[in-house]
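Chains A and B supply the protein sequences, listed in that same order. To get the numbering used here, take the position in the first sequence, counting from 1, and add 35. To get the numbering used here, take the position in the second sequence, counting from 1, and add 35. Built from N, CA and C at the ideal position, the CB exists for glycine as well. Below is one structure, written out as structure tokens; comments come after it.
There are 2 protein chains.
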Amino acid sequence: MNLFYAPDLNPDDKLFVFDKNESRHISRVLRKNIGEIVWITNGKGGLFKTKIIDNNPNKTKVEIIDYQYYEKKSPKIHIAIAPTKSNDRMEWFLEKATEIGIDEITPLLTEHSERKKINTERYNRVLVAAMKQSLQYHLPRLNPLTSWKDFIIGVKEQQRLIAYCQSKEKISNLIRPKKDTILLIGPEGGFSESEFEQAVQRDFQPVLLSENRLRTETAGIVGLTTIKLNL
Amino acid sequence: MNLFYAPDLNPDDKLFVFDKNESRHISRVLRKNIGEIVWITNGKGGLFKTKIIDNNPNKTKVEIIDYQYYEKKSPKIHIAIAPTKSNDRMEWFLEKATEIGIDEITPLLTEHSERKKINTERYNRVLVAAMKQSLQYHLPRLNPLTSWKDFIIGVKEQQRLIAYCQSKEKISNLIRPKKDTILLIGPEGGFSESEFEQAVQRDFQPVLLSENRLRTETAGIVGLTTIKLNL
């Protein structure tokens, strides 16, 4: 099954025309003909079953023949993470986190952050590709690069965890099920003492993700998988 | 902490000389001087505390001042996986699996395999780098590319799992703790019917890794993390 993405598609829409890029993909790569079925999601829980009525390789047109809404699974998982120096590693995290099923990602600007700029548009493309690949109908929410100060006063989740390699508490022993959860992952150099203290004051529990020293992006994926299993 | 790797180092050794590459790293990049401590593992559980006695940038010489043996953790985890078409994705899997703490990896040649050749030396370099990075003292065992036929008659682990997206049994509900475990991950096109049947006959239990469709390398990492948490 191939899944396409059209963020502006609404439940009431009757027709949809793909852009040039997607049209070429449908007609030239997948070689779809008139009458064949194409599945589209709007990334907001909507799955549209459509039928090709014009397979023009520049503007393939489909008729929407069925619509189904999929509720977002709860509880939600949010990871706030300092982007890695290597962009590849950060994009790998975004891809894998989406595949595994994350709800929200906040790239964090911390005192020891190695990357102080991100390309949000590019990150979003990675999320879209991974959502389509893993056949999901909700696009994870990607927040802009957020300063520690702005981040820490705005936390809303009930269950708050901060990855801390000196913690004696294994993450899997601490998670209480059925609560929206946020996990904080610091940069390679770790959070500063002051950041760590502020997090603890804001009810973040320090948790150990692994007995091994994990890279930032690995910590994110191990943390996410562990939370999903215990929530 | 920096960890170096010297596979031939033995508990009785008194001195060690680094090759040109590592010597340069120690003297030029890390700028270590005579008398400073350098940690070395032989990847077989041995951790050697050594002191620089000659910081020649071509052949840095150290004296071994302490040796400690770390038992391999049990139970063991073995993943047999069909290498992905993209070599990058397979190397990501190797790196992450090592960081998280895998014991053995078998690259599998199956009926639907997309990659029929691997560069074992290159794969091993990825494992060594990830072992050092994550501060572990056991190098995972990397088997050569193994045909399905040879693989399936040689399985030794007590607990046998095969990733199967149509299974209704979540992997976390099936794992019995404290048993050496092997997880089978097929290629993008899946195992053939005959391979799947042979696996089931050899006591492999079909398990569901995720509700989402995961890429091969993601399946490996999610499976490994889940087994580690439940073993």
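1) Decide if Val-242 of chain A is buried, meaning its Cβ has at least 16 other Cβ atoms within 10 Å, or exposed.
2) Alpha carbon to alpha carbon, how far is Ala-165 of chain B from Ser-58 of chain B? Give it in angstroms, no decimals.
3) Can you tell me which of the three DSSP states Ala-41 of chain B falls into?
4) Could you please tell me which residues of the stretch 135–151 of chain A, in chain order, have their CB closer than 7 Å to any CB of chain B?
5) Tell me the rounded alpha-carbon separation between Glu-275 of chain A and Phe-128 of chain B.
6) Indicate the three-state DSSP secondary structure (helix, strand or coil) for His-60 of chain B in the structure shown.
7) Check distances from the C-beta atoms of the stretch 247–263 of chain A to those of chain B and list, in chain order, the residues that come in under 7 Å.
8) Where does Gln-240 of chain A fall in DSSP's three states?
9) With DSSP collapsed to three states, give me the class of Trp-181 of chain B.
10) If you measure from the beta carbon of Trp-127 of chain A to each beta carbon in chain B, is any gap under 9 Å?
11) Out of B:Arg-124, B:Lys-108 and B:Arg-66, which one is the CA nearest neighbour of Glu-139 of chain B?
12) Which residues share a DSSP beta bridge with His-173 of chain A?
13) Using the C-alpha atoms, what's the distance from Val-64 of chain B back to Gln-233 of chain B?
14) CB-CB under 7 Å to Pro-222 of chain A, same chain, minus the five flanking residues each way: which ones, in chain order?
15) According to DSSP, is Gln-168 of chain A helix, strand or coil?
16) How about Ala-198 of chain B and Gly-258 of chain B: do their beta carbons lie closer than 9 Å?
17) Just curious, the alpha helix (DSSP H) that Phe-128 of chain B is in, first and last residue?
18) Report, in whole angstroms, the separation of the C-beta atoms of Thr-95 of chain B and Ile-87 of chain B, which I expect to be a contact under 8 Å.
19) Which whole-angstrom value describes the C-beta separation of Pro-142 of chain A and Leu-196 of chain A, a residue pair presumed to lie in contact below a C-beta threshold of 8 Å?
20) Rounded to the nearest angstrom, what separates Thr-155 of chain A and Lys-84 of chain B at their Cα positions?
21) Which of the three DSSP states, helix, strand or coil, is assigned to Gln-194 of chain B?
22) Which of the three DSSP states is assigned to Ile-112 of chain B in this structure?
23) Using the Cα positions of Gly-70 of chain B and Lys-151 of chain A, report the straight-line distance between them to the nearest angstrom.
24) Helix, strand or coil: which one does DSSP assign to Tyr-158 of chain A?
25) Using the rule of at least 16 other Cβ atoms within 10 Å of the residue's Cβ for burial, across every protein chain shown, is Ser-169 of chain B buried or exposed?
26) Can you check whether the CB of Lys-120 of chain B is closer than 9 Å to the CB of Ile-256 of chain A?
27) At what residues does the beta strand (DSSP E) containing Thr-141 of chain B begin and finish?
28) Please confirm whether Leu-174 of chain A and Pro-42 of chain A have their CB atoms less than 9 Å apart.
According to the structure shown:
1) Position 207 of the first sequence, counted from the start, is the residue given in the question as residue 242 of chain A. Val-242 of chain A is buried by the Cβ-count criterion.
2) Stepping through the second sequence from its first residue, residue 58 of chain B is reached at position 23. Stepping through the second sequence from its first residue, residue 165 of chain B is reached at position 130. So the alpha carbons of these two residues sit roughly 20 Å apart.
3) Here residue 41 of chain B corresponds to residue number 6 of the second sequence, with the count starting at 1. Coil.
4) Ile-135 and Gly-136
5) In the structure as shown, chain A begins at 36 and stops at 266. Residue 275 of chain A is therefore absent and cannot be evaluated.
6) Sequence index remark: in the second sequence, residue 60 of chain B carries index 25 (1-based). Reduced to three states, the DSSP call for His-60 of chain B is helix.
7) Asn-247, Arg-248, Leu-249, Arg-250, Thr-253, Ile-256, Val-257, Thr-260 and Thr-261
8) Locating residue 240 of chain A in the first sequence gives position 205, where the first residue counts as 1. Residue state, collapsed to three classes: strand.
9) In the second sequence, counting from the first residue as 1, residue 181 of chain B sits at position 146. In the sequence as presented, Trp is not what sits at residue 181 of chain B; that position holds Thr. Here Thr-181 of chain B sits in strand by DSSP.
10) Sequence index remark: in the first sequence, residue 127 of chain A carries index 92 (1-based). It does: the Cβ of Trp-127 of chain A has a partner Cβ on chain B nearer than 9 Å.
11) The residue given as residue 139 of chain B occupies position 104 in the second sequence. The residue with the shortest Cα to Cα distance from Glu-139 of chain B is B:Lys-108.
12) Walking along the first sequence from the start, residue 173 of chain A turns up at place 138. Partner(s): A:Lys-79.
13) In the second sequence, counting from the first residue as 1, residue 233 of chain B sits at position 198. In the second sequence, counting from the first residue as 1, residue 64 of chain B sits at position 29. About 52 Å.
14) Residue 222 of chain A sits at position 187 when you count from the first residue of the first sequence. Contacts found: Ala-117, Thr-145, His-147, Ser-148, Glu-149 and Thr-251.
15) To locate residue 168 of chain A, count along the first sequence from 1; it is residue 133. Of the three classes helix, strand and coil, the one that applies to Gln-168 of chain A here is helix, per DSSP.
16) In the second sequence, counting from the first residue as 1, residue 198 of chain B sits at position 163. In the second sequence, counting from the first residue as 1, residue 258 of chain B sits at position 223. Going by C-beta atoms, Ala-198 of chain B is nearer than 9 Å to Gly-258 of chain B.
17) Reading the second sequence from its first residue, position 93 is the one you call residue 128 of chain B. Phe-128 of chain B -> alpha helix (DSSP H) spans 122–135.
18) Reading the second sequence from its first residue, position 60 is the one you call residue 95 of chain B. Reading the second sequence from its first residue, position 52 is the one you call residue 87 of chain B. Contact flag correct, Cβ pair sits at about 6 Å.
19) Position 107 of the first sequence, counted from the start, is the residue given in the question as residue 142 of chain A. Position 161 of the first sequence, counted from the start, is the residue given in the question as residue 196 of chain A. That pair is no contact at about 18 Å.
20) Against the first sequence, residue 155 of chain A aligns to sequence position 120. Against the second sequence, residue 84 of chain B aligns to sequence position 49. So the alpha carbons of these two residues sit roughly 45 Å apart.
21) Here residue 194 of chain B refers to the residue found at position 159 of the second sequence. Reduced to three states, the DSSP call for Gln-194 of chain B is strand.
22) Start at 1 with the first residue of the second sequence, and residue 112 of chain B comes out as number 77. Looking at Ile-112 of chain B - three-state DSSP - the assignment turns out to be strand.
23) Residue numbering aside, residue 70 of chain B sits at position 35 when the second sequence is read from its first letter. Residue numbering aside, residue 151 of chain A sits at position 116 when the first sequence is read from its first letter. Cα-Cα distance, rounded: 38 Å.
24) Residue 158 of chain A sits at position 123 when you count from the first residue of the first sequence. Here Tyr-158 of chain A sits in helix by DSSP.
25) If you number the second sequence from 1, residue 169 of chain B lands on position 134. By the 10 Å Cβ count, Ser-169 of chain B comes out buried.
26) Here residue 256 of chain A is taken as the residue at index 221 of the first sequence, counted from 1. Here residue 120 of chain B is taken as the residue at index 85 of the second sequence, counted from 1. No, they are not a contact pair.
27) Your numbering for residue 141 of chain B matches position 106 in the second sequence. Where Thr-141 of chain B is concerned, the enclosing beta strand (DSSP E) stretches over 139–144.
28) Indexing the first sequence from 1 puts residue 174 of chain A at position 139. Indexing the first sequence from 1 puts residue 42 of chain A at position 7. Yes, the Cβ-Cβ distance between Leu-174 of chain A and Pro-42 of chain A is below 9 Å.
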